[in-house]
Amino acid sequence: MPQYQIALVATESLSISPYYILSSLTYEIHISSVGTILWSPEVLLSNNYNRAFSESTMGDDPTLERHFRGHRDTVTSLSFHPTTKQLVSSSNDNSIMIWNFRQSVRAFRFEAHKDNVLDVSFSPSGNLVASASRDRSVRLWVPTVQGESAEFRAHSAAVRSVHFSPDGKELVTSSDDKSAKLWTVSHRKFVSTFSGHNHWVRCVRFSPEGRLIATCSDDKTVKLFDHKTAKCVHTFHELKGSPLHVEFHPTGTCIATGMTNNMIKVYDVRMLKLLQQYVCHEGPINKVAFHPCGNYLISASNDSSLKVMDLLEGRPIYTLEGHRGAITALTFTANGEYFASGGVDHQILVWKTNFDKEDLLKEFPRKAETKFGSSPNSDSPLVLNADSASPASDSGSSDIQEVPKRHLECIKKRQDKE
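For the sequence shown, the working numbering begins at 14 and goes up steadily by one.
Put into structure tokens, the structure is as follows:
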């Protein structure tokens, strides 16, 4: 017979209930008046894991580190500062907020958009924040207490996505007007339009070296564009569902998409083919994020769960639950030590990765040149280097909590083979 474990879980009704856990693949974080349940590191053993997971303790599993409350509606996007422990979030409450890991520092709310803020992103330097809104505008913020910002009308419909170029000098946006557009940051000057979609463009991303731009649309396609010429290099058509999010691998050699048909797909942008696909959620996948080392992928879904994929083994290794309702935002820190999730429950959860400890001891993948193919109307091949608003308000209503480091007693129980 397989080995079982019993965990005692405290609930809001002040009762303690036993739960049987098989394989220890699912960790459920209960946020209630009683507190947060964490596993005893002496007890948790994962007998079904291969490699480093054969006998892992809680030190190797993701742990909930921070719990932020302050938004009044769905959290739509998250972005970590590239060097400090700051996190910016956007919400359907028409605001963005900046959070600090230190409890002594308050969260600050920035309000200037006139409709839902659908995406937010720190610049590579961390000196600017860009936000995209349903009010058809993009704002560039200086993330200080004064909350200064500059607005420009980017599109003729809701702006769904915004992303900085790797050097921070340009900005790309996508919209319900079926296009993506490129802008200069310093003068907010329009540069070019990336066209070809015939439905809303949900998401747009620069490749890590800046030569490619990827877009995904409700027309059930993902397109790759040459950044300089704005020409479409390739279109992935074999999508049975609509892609909601697209993200480049840290090496720039592949992209991942989260789909409305509950699937995750990973495409090779050099060979222009499907590499991997996962069916592990029970609802549409709103966001995907690669770990900076490139070996892991996390997905966020309407089924209220996060899934951690081991890309080397090609399988999910963790299910994380803690949100009430759909999870709509997801991001990693630059070093991969933490990741954050946000959802329709108005909450932001910050997790410590832990499962990447062996990878963090190694150097992240070195950059190497890989020929992609000839760009339309270009003689040279594309080369992928795999390598003024109102001041911010001190949000007195925000609830910034550190998860208590308490452990309930866990009992390990063996059931003899009959």
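Here a beta-carbon is modelled for each residue, glycine too, at the ideal position from N, C-alpha and C.
Alpha carbon of residue i to alpha carbon of residue j, nearest angstrom
i: residue 186; j: residue 98; result: 26 Å
i: residue 229; j: residue 210; result: 9 Å
i: residue 288; j: residue 277; result: 11 Å
i: residue 263; j: residue 202; result: 28 Å
i: residue 75; j: residue 173; result: 30 Å
i: residue 298; j: residue 254; result: 11 Å
i: residue 232; j: residue 115; result: 43 Å
i: residue 118; j: residue 110; result: 13 Å
i: residue 141; j: residue 315; result: 30 Å
i: residue 236; j: residue 247; result: 6 Å
i: residue 179; j: residue 188; result: 21 Å
i: residue 71; j: residue 368; result: Caution is warranted here: a pLDDT of 37 is assigned to residue 71, below 50, making its placement in the model unreliable, and the coordinate value is therefore given only provisionally. Looking at the two C-alpha atoms, the distance is approximately 10 Å.
i: residue 154; j: residue 160; result: 7 Å
i: residue 294; j: residue 241; result: 37 Å
i: residue 120; j: residue 307; result: 31 Å
i: residue 359; j: residue 87; result: 5 Å
i: residue 168; j: residue 321; result: 35 Å
i: residue 275; j: residue 313; result: 10 Å
i: residue 77; j: residue 362; result: 7 Å
i: residue 191; j: residue 213; result: 5 Å
i: residue 37; j: residue 330; result: Unreliable positioning characterises residue 37 in this predicted model, as indicated by a pLDDT of 30, which lies under 50. The coordinate reading is nonetheless provided below. If you take the alpha carbons of residue 37 and residue 330, they lie about 10 Å apart.
i: residue 271; j: residue 256; result: 6 Å
i: residue 356; j: residue 219; result: 25 Å
i: residue 205; j: residue 73; result: 46 Å
i: residue 291; j: residue 309; result: 13 Å
i: residue 152; j: residue 181; result: 15 Å
i: residue 285; j: residue 296; result: 27 Å
i: residue 223; j: residue 268; result: 14 Å
i: residue 311; j: residue 323; result: 9 Å
i: residue 79; j: residue 85; result: 18 Å
i: residue 283; j: residue 136; result: 27 Å
i: residue 260; j: residue 227; result: 8 Å
i: residue 129; j: residue 101; result: 15 Å
i: residue 200; j: residue 327; result: 44 Å
Check whether residue i and residue j have beta carbons under 9 Å apart
i: residue 370; j: residue 351; result: no
i: residue 134; j: residue 198; result: no
i: residue 144; j: residue 103; result: yes
i: residue 163; j: residue 131; result: no
i: residue 305; j: residue 265; result: no
i: residue 108; j: residue 122; result: yes
i: residue 458; j: residue 301; result: Residue numbering for the chain in the displayed model covers 14 to 431; residue 458 lies beyond these limits and cannot be assessed.
i: residue 195; j: residue 243; result: yes
i: residue 90; j: residue 342; result: yes
i: residue 303; j: residue 280; result: no
i: residue 92; j: residue 344; result: yes
i: residue 193; j: residue 217; result: yes
i: residue 332; j: residue 318; result: yes
Residue i: CB within 8 Å of a non-hydrogen atom of the ligand HEM
i: residue 235; result: With respect to the ligand HEM, the structure offers nothing, as it holds no ligand at all.
Collapsed DSSP secondary structure at residue i in the structure displayed
i: residue 41; result: Confidence in residue 41 is poor, its pLDDT being 37 and thus under 50, which makes the residue's placement too unreliable to answer from.
i: residue 239; result: strand
i: residue 370; result: helix
i: residue 202; result: coil
i: residue 231; result: coil
i: residue 281; result: strand
Bounding residues of the beta strand (DSSP E) (the contiguous stretch that carries residue i)
i: residue 213; result: It is not in any beta strand (DSSP E) - residue 213 carries neither H nor E in the DSSP assignment.
i: residue 113; result: 108-113
i: residue 132; result: 130-135
i: residue 103; result: 99-104
i: residue 79; result: 76-82
i: residue 335; result: Note, residue 335: premise wrong, no beta strand (DSSP E); not H, not E.
i: residue 116; result: Premise fails: residue 116 is in no beta strand (DSSP E) and is neither H nor E.
i: residue 269; result: 267-272
i: residue 90; result: 88-93
i: residue 365; result: 360-365
i: residue 257; result: 256-261
i: residue 247; result: 245-249
i: residue 354; result: 351-356
Residue-level contact to chain D via CB, residue i, 9 Å cutoff
i: residue 103; result: Within the model displayed, chain D is absent; a lone protein chain is all it includes.
Please list the segments of the beta strand (DSSP E) lying wholly inside the stretch 293-329, counting only runs of 3 or more residues, in order along the chain. 298-303, 309-314, 318-323
For a minimum of 3 consecutive residues, which ranges assigned as the beta strand (DSSP E) are wholly contained in the stretch 123-198? 130-135, 142-146, 150-154, 162-166, 172-177, 183-188, 193-197
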